[in-house]
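Comments concern the structure below.
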Amino acid sequence: TDFAQGLTRIGVLEDSEHQTLFETLRDPYAGANTVTLEQLHCALQAVSPIMLLEDIRDKILAKNGSVQAAFTALDTDSSNNVSIPEFVRMATHVWRMTHYEATKAFKLIDCDNS
């Protein structure tokens with residue numbers, strides 16, 4: 008379906024997740040068995056930061072084995088801090104994220120703005 012294809016394009020790959028999202032979003036009292044674009048957009052805005060962070064965690068662990076090893080790889084200037092340029096460079100070149108995704112992810116992770 009169009010719904011499943013759209014979710015697959017944004018990284019929601021499992022059929023069970025497609026079905027769960029659809030059932031959660033659709034109006035059970037509406038005559039049609041559909042979800043509006045507005046409903047989907049609102050739902051994705053609510054979960055997309057979580058999905059992005061889960062995706063980064065999976066990539067970090069697959070590439071580096073642990074979060075600590077990833078931090079060491081990210082901290083290219085050995086400052087014991089990861090700057091946004093360091094993060095974006097790794098995220099775009101190694102994890103194949105877009106610059107926008109990498110910047111957004113950094114802002115989500117850097118909760119104390121340090």
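Mapped onto my numbering, the consecutive letters of the sequence shown carry residue numbers 8 to 121.
Beta carbons: idealized from backbone N, C-alpha and C, even for Gly.
Is it buried or exposed, residue i, if we count other Cβ atoms within 10 angstroms and call 16 or more buried?
| i | result |
| --- | --- |
| Val95 | buried |
| Thr58 | Looking at the sequence itself, residue 58 is Met, so the reference to Thr does not match. Classification of Met58: exposed, given that the 10 Å Cβ count is below 16. |
| Ile63 | buried |
| Ala109 | buried |
| Leu44 | exposed |
Put residue i into one of helix, strand or coil per three-state DSSP.
| i | result |
| --- | --- |
| Tyr107 | helix |
| Ala77 | helix |
| Ile17 | coil |
| Arg96 | helix |
| Ala69 | helix |
| Ala112 | helix |
| Ala37 | coil |
| Ser121 | coil |
| Lys31 | What sits at residue 31 in the sequence shown is Thr, not Lys. Reduced to three states, the DSSP call for Thr31 is helix. |
Tell me, to the nearest whole angstrom, how far the beta carbon of residue i is from that of residue j; I am working on the premise that it is less than 8 Å.
| i | j | result |
| --- | --- | --- |
| Leu60 | Leu115 | 6 Å |
| Ile91 | Ala77 | Not really, about 16 Å apart at Cβ, beyond 8 Å. |
| Ala98 | Ala112 | 7 Å |
| Glu93 | Thr83 | 5 Å |
So, are the CB atoms of residue i and residue j less than 8 Å apart?
| i | j | result |
| --- | --- | --- |
| Lys70 | Val89 | no |
| Thr11 | His25 | In the sequence as presented, Thr is not what sits at residue 11; that position holds Ala. It is a contact, given that the beta carbons lie within the stated cut-off. |
| Thr41 | Arg33 | yes |
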